[in-house]
Each structure stands twice: as structure tokens, then as C-alpha cells.
Amino acid sequence: MADGSLTPGPVRVSPPWGPGLIGHILSSFMYGTGFGQSSFYARHFPDDRTVLKVAVMITLAMDTVHIYGCAQLYWQLLVVGHHNLSSECHTHLPLSFSVS
547 MADGSLTPGP VRVSPPWGPG LIGHILSSFM YGTGFGQSSF YARHFPDDRT VLKVAVMITL
607 AMDTVHIYGC AQLYWQLLVV GHHNLSSECH THLPLSFSVS
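Every position in the sequence shown, counted from 1, becomes a number in this note's numbering once 546 is added.
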């Protein structure tokens, strides 16, 4: 600052992955709770209607796919890609979650 000019350095703006990762961790705990509730329901209420049982199992299956997809996304971006968000880091999402 002796010459009176202020030249800023390069500013790197990247998406904040921290809040999403924390949300995923909390969601994983809630998934465990939902899994436990589904198991409790299946064991203690065997005489319920089939439609209700199927609805509970479909909800559990959808939550399982969601948790798996998010876990794979964060694993690929933050662990395998070493938080490298350039075009050289290719992220392969599981199954058919890839978006072209």
C-alpha cells in the first residue's frame, strides 16, 4: 500500500458445500429413525391393510434412494474429486442420476 494502489488478488468463488453436507448428515440420522419406525410398524402391525404397508415400504425405498444418491454425490465431489470443481474433475453419479 506504499504506492497507493490497491490490487486485489484472485477471488475464488465456489459453492458452499458445508451446509449441504451438514444437512445430509442430519438427514442420515433421520433416515435411521424412519427405518426403525418402518421396522417397528412391520413387526407390530401385521394385520394392517396391504395398501398401507405398501405405502410405508415405498416411502422407505424412496428415502433409501435419496440417501444413497446424496451420499454418492458428496463422496464424488468432496472425497474423490478433492473439492476440485473445474471441468477437469469428472463426477460420475450413481445409476442413472447423471444429467446431461
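Even glycine gets a Cβ: it sits at the ideal position worked out from N, Cα and C.
Measure from the alpha carbon of Phe581 to the alpha carbon of each residue in His590, His570, Met603, then state which is nearest. To locate residue 581, count along the sequence shown from 1; it is residue 35. Comparing Cα positions, the closest option is Met603.
Span separating the alpha-carbon of Gly569 from that of Gln622: Numbered from 1 along the sequence shown, position 23 holds the residue referred to as residue 569. Numbered from 1 along the sequence shown, position 76 holds the residue referred to as residue 622. Gly569 and Gln622: Cα-Cα distance of roughly 17 Å.
Distance between Gly566 and Asp594 (C-alpha atoms, nearest Å): Position 48 of the sequence shown, counted from the start, is the residue given in the question as residue 594. Position 20 of the sequence shown, counted from the start, is the residue given in the question as residue 566. Straight-line Cα distance between these residues: approximately 37 Å.
Shortest alpha-carbon distance to Val600 belongs to which of Val611, Ile613, Tyr614, Ser584? Stepping through the sequence shown from its first residue, residue 600 is reached at position 54. Checking every option, the nearest Cα to that of Val600 belongs to Ser584.
Using C-beta distances below 8 Å, list every residue in its chain close to Ala617, excluding the 5 sequence neighbours before and after it, in chain order. As a position in the sequence shown, residue 617 is number 71, starting the count at 1. Answer for Ala617: His570, Ser574, listed in chain order.
Compute the distance between the beta-carbons of Tyr577 and Asp609, then report whether it is under 8 Å. Sequence index remark: in the sequence shown, residue 577 carries index 31 (1-based). Sequence index remark: in the sequence shown, residue 609 carries index 63 (1-based). Yes, they are a contact pair.
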